[in-house]
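Numbering (UniProt numbering), first residue to last: 1 to 202.
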């Protein structure tokens with residue numbers, strides 16, 4: 001622990017915004033994971049719902065969706081009783097857009113941090129090297145002064161890259177989860193629309 005604090009202090013002032021960025025990443029990762037878990041009806045629900053619509057009645061699909069949780073199941077439960085295909089599709093599109101907007105919340109912050117963190121690290125290194133060369137001018141004839149100073153200055157760059165990598169990994173994972181939820185919703189919406197079209201043509 002003492003070594004970590006020592007490196008943190010040697011990294012300079014930019015280590016503080018990098019620390020804040022790290023805490024923001026952790027907060028977003030936890031908050032989005034819990035939110036996605038609460039809003040996701042699941043791939044199994046999607047498969048079973050589509051299977052019911054392809055071989056059973058709309059009433060059975062309605063009852064099935066009613067007994068499940070998640071945004072997709074909730075929208076389908078509300079959309080099923082609507083009288084026309086047009087109203088059903090308009091309702092699902094409106095509700096789906098709202099859900100997708102909520103799914104994308106906070107992910108843009110991760111993109112900003114992924115770009116910002118290496119730049120902060122580079123800034124810290126440049127400031128550190130300027131300070132090192134100033135000291136070297138004073139301590140002429142002592143080459144260890146400049147090599148040690150550059151080593152300490154590079155701590156900021158390494159820290160910035162670590163934060164950026166963490167942010168990129170979290171963003172990729174959350175984007176994958178979000179895309180799965182959206183894909184499952186679209187499959188269910190399409191299945192319900194097709195079932196209602198078939199019912200209207202009978």
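Cβ coordinates follow ideal geometry from the N, Cα and C atoms, glycine included.
Only a predicted model underlies this, so the values are computations on that prediction, with no experimental measurement involved.
- Inclusion of residue 82 and residue 167 in the CB contact set at 7 Å is not warranted, their separation being larger than that value.
- Residue environment analysis places residue 171 among the buried positions, since at least 16 neighbouring C-beta atoms fall within 10 angstroms of its C-beta.
- With a beta-carbon spacing of about 7 Å, residue 62 and residue 77 fall inside the 8 Å limit used to define contacts.
- Of the candidates 157, 174, 9, the residue whose Cα lies closest to the Cα of residue 118 is 157.
- Its chain contains 48, 49, 52 as the residues whose beta carbon lies nearer than 8 Å to that of residue 64, once the 5 sequence neighbours on both sides are disregarded; these appear in chain order.
- For secondary structure counted as the alpha helix (DSSP H) over 4 or more consecutive residues, the UniProt domain "MotA/TolQ/ExbB proton channel" (82–187) holds these complete runs in sequence order: 85–104, 107–138.
- Linking residue 94 to residue 193 through their CA atoms gives a straight-line distance of about 14 Å.
- Along the stretch 30–65, the alpha helix (DSSP H) occurs as fully enclosed runs of 4 or more residues at 43–55, listed in sequence order.
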